[in-house]
Each structure stands twice: as structure tokens, then as C-alpha cells.
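Asker: So the protein lines, in turn, are chains A and B.
Per our numbering, numbering through the first sequence is continuous, rising by one, with the last residue being 604.
Per our numbering, numbering through the second sequence is continuous, rising by one, with the last residue being 604.
We put the beta carbon where it would ideally sit given N, CA and C, even for glycine.
Computed from a prediction, not measured in an experiment: that's the story for all the values here.
The structure under discussion is supplied below as C-alpha cells; questions concerning it will follow.
Number of protein chains: 2
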Amino acid sequence: MYRSHTNGELRIENANQEVTLSGWVQKSRDKGFMVWVDLRDRYGITQLIFDEDRTPKEILDKAKTLGREFVIQVKGTVIEREAKNKNIATGEIEVLVKELTILNEAKLPPFTIEDNTDGGEDIRMKYRYLDIRRNPVKNNLIFRSKVAQEVRNYLSNQDFIEVETPYLIKSTPEGARDFIVPSRMNEGEFYALPQSPQTFKQLLMVGGMDKYFQIVKCFRDEDLRADRQPEFTQIDCELAFVEQEDILNIFEGMTRHLLKKVNNVEIGDFPRMTFEHAMKTYGNDKPDIRFGMEFGELNTVAQHKDFKVFNDAELVVGIAVPNGGSYTRKEIDKLIEWVKRPQVGALGMVYVKCNEDGTFKSSVDKFYDQEDLAAWAKATGAKAGDLICVLSGPANKTRAQLSALRMELAERLGLRKSNEFAPLWVVDFPLLEWDEETERYHAMHHPFTSPKKEDMELLDTDPGKVRANAYDLVLNGNEIGGGSIRIYDKATQELMFKHLGFTPEEAKEQFGFLMNAFEYGAPPHGGLAFGLDRLVAILGGQETIRDFIAFPKNNSGRDVMINAPAAVSQEVLSELNINITLPTE
Amino acid sequence: MYRSHTNGELRIENANQEVTLSGWVQKSRDKGFMVWVDLRDRYGITQLIFDEDRTPKEILDKAKTLGREFVIQVKGTVIEREAKNKNIATGEIEVLVKELTILNEAKLPPFTIEDNTDGGEDIRMKYRYLDIRRNPVKNNLIFRSKVAQEVRNYLSNQDFIEVETPYLIKSTPEGARDFIVPSRMNEGEFYALPQSPQTFKQLLMVGGMDKYFQIVKCFRDEDLRADRQPEFTQIDCELAFVEQEDILNIFEGMTRHLLKKVNNVEIGDFPRMTFEHAMKTYGNDKPDIRFGMEFGELNTVAQHKDFKVFNDAELVVGIAVPNGGSYTRKEIDKLIEWVKRPQVGALGMVYVKCNEDGTFKSSVDKFYDQEDLAAWAKATGAKAGDLICVLSGPANKTRAQLSALRMELAERLGLRKSNEFAPLWVVDFPLLEWDEETERYHAMHHPFTSPKKEDMELLDTDPGKVRANAYDLVLNGNEIGGGSIRIYDKATQELMFKHLGFTPEEAKEQFGFLMNAFEYGAPPHGGLAFGLDRLVAILGGQETIRDFIAFPKNNSGRDVMINAPAAVSQEVLSELNINITLPTE
């Protein structure tokens with residue numbers, strides 16, 4: 020038996036007990052006549068003591084040889100500590116060691132195994148198995164496991180069935196980002212790894228599964244933006260005989276359950292906001308509503324004077340920065356520089372200081388009087404002491420710019436508190452999205468998303484205005500889940516394909532398979548999918564998903580620990596009838 | 020709202036309630052003035068009634084048009100049935116329909132959606148989404164979901180952490196059966212899909228995760244024997260600071276938990292049997308111990324007479340067939356034919372009938388007297404009325420043949436009862452296995468499996484005799500799980516590689532990566548993996564895993580429903596710098 024207790028377990032009540040412990044040497048202090056060792060495992064740290072009066076000499080000598088990260092086993096007696104350590108759960112005791120076995124030696128690790136390590140990201144990725152020993156990473160993985168288990172508990176209690184859908188599927192014609200997998204048994208043919216189990220979950224609804232979920236890996240072979248992974252995990256769900264409202268309620272319940280179980284936070288009903296309102300009020304379809312700073316549209320109160328910039332703009336819009344009135348000229352100039360950076364792209368920024376005495380001081384005083392500026396303050400909700408920042412230009416672009424400024428200022432003002440949670444449903448997404456490049460409409464969600472019945476007639480006259488039965492769950496300014504009620508009847512589906520610019524033949528070629536299944540009695544159905552990596556990161560109060568993945572890949576899609584991907588032997592390629600021809604440049 | 024209740028929910032207590040139901044038309048009977056419809060969903064069947072006195076005429080008329088598998092919604096009143104159906108939970112009531120909406124029509128399905136369908140396997144695989152509507156398949160999937168959830172409950176309660184290991188990993192030099200995945204971002208390079216997360220779970224132990232599990236898909240590109248799948252699911256587990264006994268206890272507990280929770284069967288301590296004993300007594304390392312028919316070795320009692328066949332044989336071994344004494348000559352001849360089939364391969368079979376009067380009648384009466392045969396009966400445990408079947412030849416081969424016969428007879432005698440569960444640990448597997456072809460030893464489990472300390476000295480003198488700390492969990496004659504205590508120190512590992520015929524350079528090339536990790540303080544560790552597909556099938560009282568997989572592939576690794584694998588476009592191949600050159604024959 021390697022241990023009678025873990026290193027997080029012993030308390031003052033265990034004093035005088037004989038125990039066996041195993042673990043890693045976190046650190047040791049050698050005072051000559053006495054050696055202390057911090058022994059670590061997943062569960063905590065226990066202090067070991069070796070001293071010349073009470074420990075056999077050869078054991079004390081051996082203790083002096085212990086290096087960091089050695090794996091050892093000790094037997095000894097629990098005793099009360101003289102100098103108690105209130106910071107750790109085992110801090111009232113230590114173990115007086117009588118026997119010591121070195122189970123494994125360790126080379127000096129390339130970085131310190133401590134909460135604040137001296138290792139940079141690259142070296143920690145390469146030695147990920149050592150990084151996992153550190154509390155921050157270890158705790159993230161434990162947290163992730165708990166979130167997944169609570170998701171399963173909640174959904175199982177609601178009669179959901181977890182069904183495993185296949186990983187070796189078929190590449191879709193539009194699957195430009197599919198990973199493909201050559202088959203040995205079927206020469207010259209390929210499987211594809213799923214970008215999501217979308218088709219299969221809809222087939223499960225046709226199959227009468229009624230309530231399906233799965234925590235499942237998905238794959239996308241694309242240029243990785245920061246904080247994306249080629250393999251990622253979804254909580255994938257689909258239900259039959261439901262309307263949008265049923266789905267929102269069930270998954271609002273699930274999210275509430277998670278917040279309670281893993282964050283000990285009680286949240287009431289989630290607010291619901293239309294896509295249109297979110298865009299107008301926050302310039303963003305995933306607004307962070309932990310703080311206000313809502314947009315005030317200023318067209319009516321700012322376009323009646325001689326300020327040409329505003330008069331020519333499609334939209335004039337501002338936000339109030341709480342207590343921003345005290346910003347110095349220099350600080351404001353820096354803010355203006357910030358919005359003019361290429362990543363944001365504003366041409367300039369007008370500001371108004373709301374003085375404590377009720378007067379205003381603005382960068383456009385020569386065009387606007389105090390009464391005008393008071394109207395701006397009213398529209399943006401600015402109070403005495405605040406700063407109003409105003410942008411103008413094409414509506415969509417300007418909203419996006421002001422949204423970026425809003426988030427930046429909130430970050431600087433400490434308004435994005437990681438232990439505060441503000442979930443939100445964004446609903447009524449547009450069905451179609453105009454693509455400038457191809458000059459046609461694309462499905463914003465996917466071609467199986469159903470339009471709102473009351474908007475159907477707009478399909479012919481004003482397709483961009485048609486709203487979909489599509490919804491996103493937003494948490495703290497991040498989209499953590501999204502889905503839709505699907506089309507389930509052939510007529511609507513054909514109409515939809517027509518509006519997406521497919522000929523009937525193209526529609527059949529690309530989607531015929533699911534369409535066939537729909538002919539054998541498809542029930543009304545809908546669903547959604549959560550990004551587990553991001554959900555866990557946000558519940559964990561962080562925004563980087565990589566820290567919540569045991570063995571992540573870097574921005575080039577490489578696992579630097581195992582050095583994958585890699586070349587494979589000519590023998591393997593030949594067996595698969597594959598030749599590699601690299602471009603010669 | 021599509022439904023107020025499911026179709027498995029209404030009882031006599033609901034009489035007079037107004038309800039809304041949705042589902043599929045299982046069948047309908049049209050009596051002219053009255054129509055009955057069986058409405059089906061995942062939860063059950065509810066009888067609907069439309070009649071000319073109480074149902075509006077246009078609704079009755081519409082009801083007459085309903086075809087099988089139409090998806091409908093009805094509103095009506097729950098009433099007590101005149102002719103009650105005790106076979107279904109809702110059999111005391113029916114719903115008198117007032118409103119009927121056809122949600123979706125259905126073409127006639129290619130096979131009947133009934134427990135005993137008229138559809139053959141091929142057509143059901145092609146229309147798997149319809150097959151899933153049938154109770155046998157649907158219930159299997161629900162059962163699988165429940166087993167997985169109970170596994171997670173048990174392991175989570177034992178402090179196991181579920182960690183997701185990557186699917187896009189590196190092809191190993193010996194990974195001849197790896198699926199490989201070309202990378203777009205890393206030109207000319209490939210990922211591989213994991214055959215198991217073995218390396219990663221051992222790295223998690225080096226990383227201090229202490230108790231890891233994962234329900235995870237694994238992949239193997241090989242000729243598919245019957246009832247194998249190119250993608251399959253494992254319950255993968257690993258623990259640090261454990262000995263074999265700890266692991267057996269924990270997973271015996273897990274299996275007991277499952278049997279209780281999903282089969283309502285209480286099982287006591289699992290018997291443990293050495294590999295050697297299993298081979299000698301059952302001719303098999305995964306014996307079905309739901310029934311006896313243990314082998315009796317007859318060398319000492321059968322090799323002293325003039326029967327040359329036995330005298331020349333390395334092994335003479337028999338089993339007693341309960342009540343087989345009544346077999347006719349013809350039946351016995353058929354049995355002899357059966358063992359002589361190429362799949363079994365025996366050259367012949369000697370038999371002894373144990374008459375009710377205590378005398379014996381054998382096929383070798385001219386060599387053996389009654390006293391001899393009485394000794395055979397004693398050795399095989401045969402009683403009056405039994406039949407003794409005796410095979411002879413090279414020991415291993417003969418044991419395998421008799422094992423096949425034992426299983427066949429048990430099947431015929433109905434001794435393999437699907438609702439009876441006999442788990443068993445088989446322990447002390449050999450560390451090495453002689454490979455005739457390459458004329459060297461191979462690791463029976465894998466090269467990281469540790470040898471038993473007390474057998475270490477045999478490594479040099481008699482390597483085939485060295486036992487490993489390796490174990491299998493056997494249930495009803497199927498291996499459902501297996502694992503080992505791993506080597507965790509460099510010296511033993513190097514010794515092991517030497518005995519497996521690796522040069523130090525080869526060892527480094529093939530296993531250097533994990534070996535490096537072992538240098539930074541690897542704890543003692545071990546684990547095991549269960550085959551979830553098989554475990555679920557056996558707990559479900561069946562032996563075919565395909566029926567417990569939502570979307571299985573056929574013996575050629577094809578998904579005939581979606582027709583995968585398939586050719587991919589030249590465009591995609593070019594992007595991956597891949598050319599296909601099929602052999603021309």
C-alpha cells in the first residue's frame with residue numbers, strides 16, 4: 020500500500036497516528052540536524068519532518084539527498100506542529116518520518132512547479148505533464164471535469180439520452196475546413212472528422228430519440244485565430260416537439276444549475292434581448308451586461324448644427340464613461356489614439372466632460388451649446404463627473420467601434436469582474452446575411468434554421484429583414500452557446516434553398532441525404548450547442564480556453580509536447596495509395 | 020406547445036383531462052364510423068379514438084387519411100377504455116380526439132417499425148434513423164446512455180477526474196493500424212487518431228492527476244473481424260500510487276455498481292483466477308463460468324494403455340456434458356463432425372457415455388476397461404447420465420479446441436443465460452509471448468507493463484515464464500476490460516526493452532517521449548480500460564455490439580447510411596498536397 024492518506028487529508032485530529040504518505044517533494048529545507056520536506060500530491064501538501072533525535076540517522080541522511088520533484092514514500096507519526104500554517108488545510112500538523120523510500124528520482128524540472136512559475140508559455144507547453152502539476156492548471160482540469168459531470172447530471176435528470184455519434188463521417192461538398200482521413204480498406208476513399216454532429220443529431224430526432232445530448236469533440240482545419248483549437252468540445256443538444264421557448268427554458272435551467280453547482284452563484288431569470296436591440300444598445304450580438312454604458316444615439320440631438328462630420332454621418336452614437344470627467348487632456352488624447360488604431364478603425368472621437376457643477380466642456384464647443392450637450396448627456400445617461408465619448412460614421416461600423424471602446428473602458432475601469440455572472444439570451448437573429456463578396460445571401464446560422472412564420476412573406480420582398488428562430492446564450496460578453504429551431508418540412512426547406520441561391524439539383528447534391536430522411540416523418544425539432552472549452556473558461560473566471568485543456572495545441576495547430584503533426588513513413592503512405600507533392604517555391 | 024404529456028404518461032387518474040399529444044402514427048384502424056390510432060413516441064404508445072358521434076366530421080375524415088409514421092398533434096380528452104390493454108402502461112385509457120394537426124407526412128417506410136421488423140440488416144443499416152424508432156434499438160441506446168452515466172457517477176464519487184485527451188495525435192512507428200489525418204496548416208505532415216489514450220493517461224499520472232478516467236473514442240484501421248468497429252469506445256482509467264489489488268477492488272466495485280444499477284443484480288466478491296489456471300481448466304483466458312464443464316486432464320489415467328493416439332499426445336483432456344449420456348449415435352457423430360470443422364480443427368473426438376446404471380460405454384472400449392473409464396469420469400466430474408468428450412494433441416491447440424466445444428455445448432444446452440452474470444478477474448498473465456513468425460518475444464499487453472518482482476530473475480533464464488502485473492475482467496466469457504501496473508522506473512524499462520529485442524537507439528526512437536517524461540518524477544501507476552461497446556452489449560444480455568451503437572459501420576468499415584468513406588474532390592486533395600495513385604490491376 021503506497022499511502023494510508025493523501026497529502027490533503029491529515030488534521031490535528033490525526034495526531035499520534037501512524038501514517039503512510041506518498042507524493043512529490045515540493046521543496047525541502049536542510050538545517051543540518053533537521054530536514055523539512057513539503058510533500059505534494061493532487062490533494063494538497065503535508066509537511067514532513069526528519070530530525071536527528073527522532074529519525075534514524077540513515078533516514079535523515081537520505082532525506083538530505085532529496086531533490087525537487089523526487090517521488091517518495093514515507094511512514095511516520097502525525098504530530099502537532101509548533102509553527103502552524105493557517106494557509107494550508109494540513110497546516111496544524113506535520114509527519115515525523117521514520118521510514119523513507121525514494122520511489123523515483125527526478126531531474127531538475129525546466130521550470131518551477133509553483134503557482135507562479137518562472138516558465139514561459141512555450142516551455143510549459145512542451146513539458147505540459149509538468150505544467151499540469153501546478154495548481155492553476157490542475158485545478159482548471161478538475162473544474163472542467165466537474166462542469167461536464169454537472170451538465171450530464173442535469174440533462175440526464177431531464178430525460179436526455181447521451182448518444183455517441185460517429186467520428187468517421189463523410190466529407191461535405193462545402194466542407195472546406197474538414198479534416199479528412201484516408202481509409203485503408205476502401206482504397207482511394209476518405210472519411211471526414213465532424214465539424215459538428217449536426218446531421219446526426221437531426222437524424223436522431225427523425226429516429227424518435229426525442230431528447231439527445233452529447234459532450235463531443237469536433238474538428239475544424241482552419242487558420243487558428245488566437246484561442247481557437249483544431250479540436251474542440253461541444254455540449255451538443257437536440258429536442259423534438261419543442262418551440263424556441265421550451266429550449267430557452269431548459270438550457271437556461273442548465274446554465275443556472277452550473278452556476279449554482281460550480282460557482283455557488285444563484286441567478287434569476289435570464290434577460291432576453293433581440294439581436295436588433297443588442298446591436299443598437301451595445302453594438303454587439305454578445306453584449307457584456309455586467310455593466311451599463313449603453314449606447315445613446317445622438318442623431319436627433321447632434322445633427323441640427325454646423326458640425327459637418329456629424330451631419331454627414333449615418334449614425335452619431337455615444338457612451339457615458341462613469342467618472343471619466345476627471346480624465347486629463349493627455350488621457351483623453353490617448354483614448355482617441357486608441358479608437359484610431361487600425362484594429363478599431365475610427366476616424367476620430369468627440370468627447371464631452373460632464374462637470375460636477377452641471378456644466379459641460381466638449382471638444383466641439385464651437386458647434387454645440389450647453390443645452391445641446393445636456394441633451395447628449397440625457398441620451399447617453401451621463402451624470403455629473405462622467406465623460407461622454409461619441410463616434411460617428413456608417414451605422415454598423417460605428418457601432419462595432421463604439422462596442423470595442425466600451426469593452427476596453429470597462430476592462431480598464433475594472434467593470435468586467437470575473438466572479439460576477441450576467442447571462443443573456445440574444446434572440447431573433449436575422450435568417451440571412453448579405454455576403455459582399457459573392458453578392459448573395461447566406462444562412463447566418465445554417466440552411467436548416469427556420470424563419471419566423473410571421474416574417475415568411477418578407478422572404479421575397481426584403482430577405483435581409485427576415486428573422487430566424489435562432490438564439491445565442493451569452494455570458495459576460497462571450498457567446499457560450501447557440502442554436503435554432505430547424506426547418507422540418509420539405510416545402511419550407513425548398514423555399515429556403517431557393518432563397519439561398521441553390522438550384523434544386525444543387526440542393527439535392529449537397530443536402531439530399533438529410534432531405535430524404537425528412538420524408539419519412541420528421542418531427543418539429545430544434546437544439547443548440549455549447550462550446551464547452553469556453554463555457555468552462557468563463558465559469559472559471561478566465562477567458563483563455565487553452566488553460567482548461569489538458570493537452571492543447573498551439574496557434575499553428577501543433578502539439579509541441581509530442582511534436583504532432585509529423586511526417587509519416589513512405590510505407591504507410593504507399594499502403595494508403597497516397598503521394599505527397601509539396602509545392603516547390 | 021406541442022404536447023402536454025408524452026405518449027407513455029397518461030393513466031386512468033388522468034381521465035377527463037384535456038391533453039395535447041404529439042408523435043408518430045404506429046398504426047390505425049378505420050371502422051368507418053370510428054378510427055383508432057396508436058400514437059407513438061420514445062416514451063410509449065397512447066391510443067387515440069375518433070368517432071362520428073363525438074369527433075367533428077372533418078377531423079374524423081382527416082384521421083382516415085393518416086398513414087403509418089405520419090407525425091401528428093392531437094388535442095382531446097382522456098377517457099377510460101372499454102377494452103383495456105394490460106400490455107402497455109397507458110392501456111387503461113384512450114384519448115378522444117377533437118383537434119388533429121398533421122405535422123408531417125411520411126412516405127411508406129422501407130420496413131415495418133415494429134419490434135419484430137420485416138427488414139433485413141442491410142436495409143435497416145441504410146435507414147438507420149428509422150431502425151432507431153424500433154424499441155429494440157431505441158432501448159439499447161437508452162441503456163447505453165444509462166451505463167455510461169452510472170460509470171461516471173461511480174468514478175466521480177471515487178475522486179476520479181475525467182480528462183479529455185487529444186484526438187489529433189502523432190502516428191507511432193509501430194502504428195500500422197493508425198488512421199492518419201493530413202494537416203492543411205502543416206504541409207506534408209499528418210496527425211494520427213489514437214488507438215487508445217495510453218501515452219496520455221500515463222503522462223497525466225506523471226502530471227499528478229492521481230485518478231483519471233475518460234469515456235473516449237478510439238480508432239483502429241484494420242481488417243474488421245465480425246463485430247469489430249473502426250471506431251470504438253473505451254472507459255479508460257489510470258491511477259497513481261496503486262498496486263494491482265487496489266485497481267481490482269475499485270473496478271470490481273464499479274462493475275458491481277453497474278450490475279446493481281442497470282441490471283438490478285447483486286453480485287458478491289468476484290472470483291480471481293490465474294491465467295494458468297484459466298487455460299488449464301477452461302482452455303481459455305476469458306472463461307465463461309456461468310456453468311461448470313471444467314476440463315479434466317486425462318494423461319495419467321489414459322496414457323498407460325495401447326491407444327496410440329493418446330499415448331503420443333502431449334495432452335489428453337475431457338469435459339463432462341451434463342445429461343449427454345442420452346445423445347444418439349447420430350447426435351454424437353454430428354458433434355464429432357463439429358469439432359473436426361476447420362474453424363475448430365480437432366482430428367477426432369473420443370467419447371464415453373456414463374450410463375445410469377454406473378457402467379460406461381465408450382468409443383475406445385477396446386483399449387480401456389470400466390475401471391479406466393471410471394477414472395476418466397472422476398477426472399472430468401462426470402455423473403451417471405453424462406457424456407464425456409475427450410480430445411488429444413498438442414496442449415495449447417487441444418485446450419483451444421475443447422474450449423470451443425465447451426462453449427458450443429453450453430450454448431446448445433442453454434447454459435449461457437443472458438440474465439445471469441458471472442464476472443471474473445483473470446490475473447498473472449504472462450509478460451511475454453513468443454512470436455513464431457519473428458522468432459522473438461513480444462509484450463503480451465504492452466512494453467510498459469511491469470513484470471512481477473518475484474519473477475524478475477526468470478527474465479534471463481526462462482522469459483516465457485515471467486508473469487506480469489496484468490489482469491483482465493471477464494464477464495460471461497467475454498473480456499470486458501484489461502490493464503496492468505506499469506513500469507515507472509528507467510532501469511526496469513530499459514531491461515524490458517532489451518528483452519523485447521530493442522537496441523537502446525530503437526527504444527529511444529519509439530518510446531523516447533514517454534521515457535523522457537519518466538525522468539521528471541514518475542509515480543508508480545497502473546490502470547485499465549473497458550470496452551464500453553461490449554460491456555453494454557453483455558449487460559444488455561446480448562453479444563453483438565453493433566446493436567448498441569447508434570450509427571455503426573459494416574464489416575468493410577462503411578457507413579452505408581451516409582455512404583462513407585467516399586472520394587473527395589481534387590481541389591481538397593490539392594490543398595493537402597496529396598495525390599491518389601490506385602493500384603492498377
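For the alpha helix (DSSP H) holding residue 211 of chain B, just list the boundary residues, first then last.
Answerer: Per DSSP, residue 211 of chain B belongs to no alpha helix (DSSP H); it is in the beta strand (DSSP E), 209 to 211.
Asker: Give me the chain A residues within the contact set of residue 570 of chain B, using Cβ-Cβ distance strictly less than 7 Å, ordered along the chain.
Answerer: Correct list: 184, 185 and 219.
Asker: On the DSSP bridge assignment, give the partners of residue 498 of chain B in chain order.
Answerer: Answer by DSSP bridge pairing, in chain order: B:493.
Asker: Thinking residue 185 of chain A and residue 570 of chain B are a contact (beta carbons under 8 Å), I'd like their distance in whole angstroms, please.
Answerer: Yes, they are in contact, since the Cβ atoms of residue 185 of chain A and residue 570 of chain B sit about 5 Å apart, within 8 Å.
Asker: Quick check on this structure: which residue in B:198, B:58, B:528 and B:404 has the alpha carbon closest to the alpha carbon of residue 112 of chain B?
Answerer: Nearest option by C-alpha distance: B:58.
Asker: List the residues of chain A whose Cβ lies closer than 8 Å to the Cβ of residue 168 of chain B, in chain order.
Answerer: Within chain A, the residues near residue 168 of chain B are 171, 175 and 181.
Asker: From residue 477 of chain B to residue 485 of chain B, what does the alpha carbon distance come to, in whole angstroms?
Answerer: For residue 477 of chain B and residue 485 of chain B, the distance between alpha carbons rounds to 6 Å.
Asker: Nearest CA to the CA of residue 510 of chain B: which residue from B:493, B:482, B:559 and B:467?
Answerer: It is B:467.
Asker: Between which two residues does the beta strand (DSSP E) holding residue 370 of chain A run?
Answerer: Segment 369 to 373, the beta strand (DSSP E) holding residue 370 of chain A.
Asker: Alpha carbons only, please: which of A:459, A:84 and A:483 is nearest the one belonging to residue 470 of chain A?
Answerer: Nearest C-alpha to residue 470 of chain A: A:483.
Asker: Please check if any C-beta of chain A sits within less than 7 Å of the C-beta of residue 514 of chain B.
Answerer: So no, residue 514 of chain B is outside the interface.
Asker: Counting contacts by CB-CB distance shorter than 7 Å, is residue 149 of chain B in contact with chain A?
Answerer: Residue 149 of chain B counts as touching chain A.
Asker: Can you give me the Cβ contacts of residue 575 of chain B inside the same chain, cut-off strictly under 8 Å, excluding the 5 residues immediately before and after it?
Answerer: Excluding positions up to five away in sequence, the list reads 243.
Asker: Residue 181 of chain B and residue 221 of chain B - do their beta-carbons sit closer together than 7 Å?
Answerer: No, these two residues do not count as a Cβ contact at 7 Å.
Asker: Could you pull out every residue in the same chain whose Cβ sits closer than 7 Å to the Cβ of residue 346 of chain B, ignoring the five residues on either side in sequence?
Answerer: Result list for residue 346 of chain B: 406, in chain order.
Asker: Could you run through the stretch 560 to 584 of chain B and flag, in chain order, every residue whose CB is less than 9 Å away from some CB of chain A?
Answerer: Per Cβ criterion, the list reads 568, 569, 570, 571, 572, 575, 576, 577, 578, 580, 581, 582, 583 and 584.
Asker: Buried or exposed: which applies to residue 289 of chain B, given that a residue is buried once 16 or more other Cβ atoms fall within 10 Å of its Cβ?
Answerer: Buried, by the Cβ-count rule.
Asker: What are the start and end residues of the alpha helix (DSSP H) that includes residue 407 of chain A?
Answerer: Where residue 407 of chain A is concerned, there is no enclosing alpha helix (DSSP H), although the beta strand (DSSP E) it sits in stretches over 406 to 412.
Asker: Do you know offhand how far residue 551 of chain A's Cα is from residue 317 of chain A's?
Answerer: Using only the alpha carbons, I get a separation of about 40 Å.
Asker: If you measure from the beta carbon of residue 209 of chain B to each beta carbon in chain A, is any gap under 7 Å?
Answerer: Closer than 7 Å to some Cβ of chain A, the Cβ of residue 209 of chain B qualifies, so yes.
Asker: Taking the alpha carbon of residue 76 of chain A as the reference point, which residue from A:37, A:116 and A:106 has its own alpha carbon closest?
Answerer: Nearest C-alpha to residue 76 of chain A: A:116.
Asker: Is residue 494 of chain B near residue 281 of chain B, with beta carbons less than 7 Å apart?
Answerer: It is not a contact, given that the beta carbons lie outside the stated cut-off.
Asker: Buried or exposed: residue 588 of chain B, going by 16 or more other Cβ atoms within 10 Å of its Cβ?
Answerer: With fewer than 16 other Cβ atoms within 10 Å, it is exposed.
Asker: Within 7 Å of any Cβ in chain B, is that where the Cβ of residue 55 of chain A sits?
Answerer: False, the Cβ-Cβ gap to chain B never drops below 7 Å.
Asker: Three or more C-beta pairs under 8 Å: does that hold for the stretch 88 to 100 of chain B against the stretch 524 to 544 of chain A?
Answerer: These segments touch.
Asker: Indicate whether residue 145 of chain B and residue 580 of chain B have their beta-carbon atoms separated by less than 7 Å.
Answerer: In this structure, residue 580 of chain B lies closer than 7 Å to residue 145 of chain B by Cβ.
Asker: DSSP on residue 340 of chain A, reduced to helix/strand/coil?
Answerer: Residue 340 of chain A: strand per DSSP, three-state reduction.
Asker: State the start and end residues of the unbroken alpha helix (DSSP H) segment that holds residue 301 of chain A.
Answerer: Where residue 301 of chain A is concerned, the enclosing alpha helix (DSSP H) stretches over 294 to 301.
Asker: If contacts are defined as beta-carbon pairs under 8 Å, then residue 596 of chain A and residue 601 of chain B qualify, I think. What distance do you get, rounded to the angstrom?
Answerer: Contact holds; Cβ gap of about 5 Å.
Asker: Let me check understanding here. Comparing Cα to Cα, which of A:151, A:260, A:211 and A:168 lies closest to residue 240 of chain A?
Answerer: That would be A:211, whose Cα lies nearest to the Cα of residue 240 of chain A.
Asker: Count Cβ pairs between the stretch 372 to 386 of chain A and the stretch 254 to 273 of chain A that sit closer than 8 Å; are there 3 or more?
Answerer: Taking 8 Å as the limit for Cβ pairs, the verdict is that the stretch 254 to 273 of chain A does not touch the stretch 372 to 386 of chain A.
Asker: Does residue 587 of chain A get closer than 7 Å to chain B when you measure Cβ to Cβ?
Answerer: Output row for residue 587 of chain A: interface = yes.
Asker: Can you tell me whether residue 488 of chain B is buried or exposed, with buried defined as 16 or more other CB within 10 angstroms of its CB?
Answerer: Residue 488 of chain B should be labelled buried.
Asker: Quick check on residue 319 of chain B: does DSSP put it in helix, strand or coil?
Answerer: If DSSP states are grouped into helix, strand and coil, residue 319 of chain B belongs with the helices.
Asker: For residue 199 of chain B, collect the residues of the same chain with a Cβ closer than 6 Å to its Cβ; drop the 5 residues on either side in sequence, then sort them by chain order.
Answerer: Same-chain partners within the cutoff: 190, 209 and 211.
Asker: Could you check whether the Cβ of residue 232 of chain B sits closer than 7 Å to any Cβ belonging to chain A?
Answerer: No, because no Cβ of chain A sits closer than 7 Å to the Cβ of residue 232 of chain B.
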